[in-house]
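Note sheet for the following structure.
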Ligand SMILES: [Zn+2]
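Numbering (this note's numbering), first residue to last: 3 to 318.
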């Protein structure tokens, strides 16, 4: 049985696994990277890859997904702010230590690829994935391939601008990016701004009565528990997400839109329901098409490593 190694490199951990050709993870390794020096993260990647390679004879390649701007053609991480990498020739650094072909790509791209092959997007053709976590990432699958753009750094769907003249600044410096309006962090920001409202009492209680300590996660938990004020915030955020979904549907006409990420998983239909409603109101061509399925992701945190492993299968 041909197996490959998939490695998902994030700001807080390296999650790696040996994956078979059905997308099943048959061995795992994980290491925390939070306080690591950038070169130690590379050493950590090599270490887990060597361990997994030893544990699974017959491994034919290594796929790595990393959060940041990736030049996949040259195997270089151009910029990964969470890990403090700049122009790191990651593919060569790993290939120098392990005698296997290595491919690297953006973390959202590989997660979209994993969901398309083995998760919620399986059986759909062209599809778009939005990862709604603390920020918003994106992946575009067109014609059975990951779409990367002319510099390899496209599909930054979280930075489509949906409220250009609005007050919300995005970490990228623009105003009104989808990430600034519909991410988990944006839920927390809205809640903190309105923490003095009478309805905020239950959420404030969860934050130890400190308005500045309210997070999107706390709001999501309160919303799930039925708190009306928290639900209104999640609904508002979901409607902004729907504006972003309408944009990608109008541009790409996909067969499905997959919604992944911790903030989406934590709020479920409380976020997705309003998102679908707001998107359906805005898609063009109502007369001859409906909003495509907007589906929660199915692979959870495994999507990245499973997708990275699948990419490695294609090169090995
Ligand atoms: Zn932005």
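Just so it is clear, CB atoms sit at the ideal spot from N, CA and C, and this is done for glycine as well. Given the structure is predicted, the values throughout are model-derived calculations rather than measurements.
Simplified DSSP state of residue i, which is helix, strand or coil
| i | result |
| --- | --- |
| residue 81 | strand |
| residue 95 | helix |
| residue 292 | coil |
| residue 117 | helix |
| residue 304 | helix |
| residue 155 | coil |
| residue 109 | helix |
| residue 131 | strand |
| residue 104 | strand |
| residue 219 | helix |
| residue 68 | strand |
| residue 199 | coil |
| residue 191 | helix |
| residue 287 | coil |
| residue 124 | coil |
| residue 1 | The first residue shown for the chain is 3 and the last is 318, placing residue 1 beyond what the model contains. |
| residue 227 | coil |
Those residues which DSSP pairs with residue i across a bridge
| i | result |
| --- | --- |
| residue 177 | 171 |
| residue 147 | 144 |
| residue 311 | None, per the DSSP bridge assignment. |
| residue 73 | 78 |
| residue 90 | 79 |
| residue 282 | DSSP lists no partner for residue 282. |
| residue 297 | 260 |
| residue 139 | 133 |
| residue 163 | 179 |
Proximal residues to residue i (C-beta, below 6 Å), its chain only, five neighbours per side dropped
| i | result |
| --- | --- |
| residue 12 | 69 |
| residue 57 | 29 |
| residue 229 | 204 |
| residue 251 | 285 |
| residue 44 | 95 |
| residue 124 | none |
| residue 243 | 184, 277 |
| residue 248 | 281, 284, 285 |
| residue 202 | 231 |
| residue 144 | 128 |
Neighbourhood of residue i by C-beta, 7 Å cutoff - its chain only, sequence neighbours within 5 removed
| i | result |
| --- | --- |
| residue 268 | 219, 222 |
| residue 121 | 299, 300, 301, 305 |
| residue 14 | 34, 35, 36 |
| residue 313 | 65, 105, 107, 112, 115 |
| residue 233 | 225, 272 |
| residue 197 | 206, 213, 216 |
| residue 182 | 170, 171, 172, 188 |
| residue 317 | 63, 103, 105 |
| residue 82 | 68, 69, 70 |
| residue 279 | 244 |
is_contact[residue i, chain B] using C-beta, thresh 9 Å
| i | result |
| --- | --- |
| residue 226 | You won't find chain B in this structure, because it holds only one protein chain. |
Residues near residue i by beta carbon distance below 8 Å, same chain, minus five either side
| i | result |
| --- | --- |
| residue 177 | 163, 165, 166, 167, 168, 169, 170, 171 |
| residue 136 | 185, 186, 187, 218, 264, 265 |
> Are at least three pairs of beta-carbons, each pair with one atom in the region 69 to 78 and one in the region 88 to 97, less than 8 Å apart?
Replying inline: yes
> Residue ranges of each alpha helix (DSSP H) run of no fewer than 4 residues wholly in the region 229 to 276, ordered along the chain?
Replying inline: 230 to 254, 264 to 269
>> For the region 93 to 109 against the region 235 to 250, do three or more pairs of beta-carbon atoms, one drawn from each stretch, fall closer than 8 Å, so that the two count as touching?
In response: no
> Just checking, does the region 270 to 281 make contact with the region 199 to 214 on the three C-beta pairs under 8 Å criterion?
Replying inline: no
> Using 8 Å as the threshold, is the region 291 to 298 in touch with the region 45 to 63, meaning 3 or more CB pairs across them?
Replying inline: no
>> With three or more beta-carbon pairs closer than 8 Å as the criterion, would you say the region 242 to 256 touches the region 302 to 318?
In response: no
> Could you give the uninterrupted runs of the beta strand (DSSP E) lying entirely in the region 5 to 62, keeping only those of 3 residues or more?
Replying inline: 5 to 11, 15 to 22, 27 to 34
>> Any contact between the region 4 to 24 and the region 60 to 68? By contact I mean 3 or more CB pairs, one from each, below 8 Å.
In response: yes
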